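Numbering (the working numbering), first residue to last: 57 to 197.
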């Protein structure tokens with residue numbers, strides 16, 4: 057029997073752009089730089105981890121695609137938690153190019169960034185979440 061793998065379950069990668077990552081304000085100056093797989097891998101190995109799950113930091117389909125590309129190029133990225141617009145009328149069309157991506161292990165929406173305290177109860181959001189369930193897609197919160 058092989059030993060269990062140690063996996064960092066929540067890791068972010070980005071090419072820092074203050075307009076794209078406006079939530080990284082002056083109080084988080086240490087984060088105002090690129091964080092890429094080449095930065096993480098030595099730290100991960102040094103801490104005794106075998107792999108990581110990367111999680112989207114921006115709510116964009118573009119970032120989800122980019123994280124999947126990183127996962128394809130770096131075997132230590134075991135999975136990607138991405139984002140799709142769950143309220144979009146074309147949700148199924150957004151999901152289609154992601155179908156069959158084995159490393160896509162979840163989808164999430166950063167709810168705490170929403171100004172509407174009842175965001176999760178919006179009919180559009182509930183419809184999108186139900187569509188994910190009906191299509192068998194993994195989700196996280």
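Note that the Cβ used here is the ideal one computed from N, Cα and C, for glycine as well.
For clarity, every value in this text was computed on a predicted model and none was experimentally measured.
* To do: For residue 168, count neighbouring Cβ atoms within 10 angstroms of its own Cβ and tell me buried if that reaches 16, exposed if not.
  => Position 112 of the chain shown, counted from the first residue, corresponds to residue 168. So residue 168 counts as exposed.
* From residue 125 to residue 146, what distance separates their C-alpha atoms? -> In the chain shown, counting from the first residue as 1, residue 125 sits at position 69. In the chain shown, counting from the first residue as 1, residue 146 sits at position 90. About 23 Å.
* **Residues near residue 187 by beta carbon distance below 6 Å, same chain, minus five either side** => Counting from one through the chain shown, the residue named residue 187 turns up at place 131. If we look at residue 187 and ignore the five residues flanking it on each side, its Cβ neighbours are 147.
* Going by C-alpha distance, which of 141, 111, 105 is nearest residue 132? -> Here residue 132 is taken as the residue at index 76 of the chain shown, counted from 1. Nearest to residue 132 by alpha-carbon distance, out of 141, 111, 105, is 105.
* Starting from the Cα of residue 165, find the closest Cα among 78, 143, 156 and give me that residue. => Numbered from 1 along the chain shown, position 109 holds the residue referred to as residue 165. Of the listed residues, the one whose Cα sits closest to residue 165 is 143.
* To do: Answer yes or no: do residue 162 and residue 137 have a C-beta to C-beta separation smaller than 8 Å?
  => Counting from one through the chain shown, the residue named residue 162 turns up at place 106. Counting from one through the chain shown, the residue named residue 137 turns up at place 81. Against a cut-off of 8 Å, the Cβ pair of residue 137 and residue 162 comes out as a contact.
* For my contact list, residue 86 and residue 107 are in at a C-beta cut-off of 8 Å; report their separation, rounded to the angstrom. => Position 30 of the chain shown, counted from the first residue, corresponds to residue 86. Position 51 of the chain shown, counted from the first residue, corresponds to residue 107. The pair is not a contact, with the Cβ atoms about 24 Å apart (cut-off 8 Å).
* Mind pulling the beta strand (DSSP E) runs of 3 or more residues that sit fully within the region 80-120? -> 107-111
* Are there 16 or more other CB atoms within 10 angstroms of the CB of residue 110, so buried, or fewer, so exposed? -> Numbered from its first residue, the chain shown carries residue 110 at position 54. Its Cβ being crowded by 16 or more others within 10 Å, residue 110 is buried.
* Asked: If you compare alpha carbons, which of 173, 176, 112 is closest to residue 66?
  -> On the chain shown, position 10 is the one that residue 66 refers to. Per the C-alpha coordinates, the member of 173, 176, 112 positioned closest to residue 66 is 112.
* Proximal residues to residue 150 (C-beta, below 7 Å), its chain only, five neighbours per side dropped -> Locating residue 150 in the chain shown gives position 94, where the first residue counts as 1. Hits under 7 Å: 117, 140, 141, 144.
* **Euclidean distance between Cα positions of residue 158 and residue 95** => The residue you call residue 158 lines up with position 102 of the chain shown. The residue you call residue 95 lines up with position 39 of the chain shown. Here the alpha carbons of residue 95 and residue 158 stand approximately 24 Å from one another.
* Asked: If we ignore side chains and look at the alpha-carbon of each, how far apart do residue 175 and residue 103 end up?
  -> Residue mapping note: residue 175 aligns to position 119 of the chain shown, counting from 1. Residue mapping note: residue 103 aligns to position 47 of the chain shown, counting from 1. Their backbone Cα atoms lie some 38 Å apart in a straight line.
* Asked: Does the distance from the C-beta atom of residue 122 to that of residue 91 stay below 8 Å?
  -> Sequence index remark: in the chain shown, residue 122 carries index 66 (1-based). Sequence index remark: in the chain shown, residue 91 carries index 35 (1-based). No, these two residues do not count as a Cβ contact at 8 Å.
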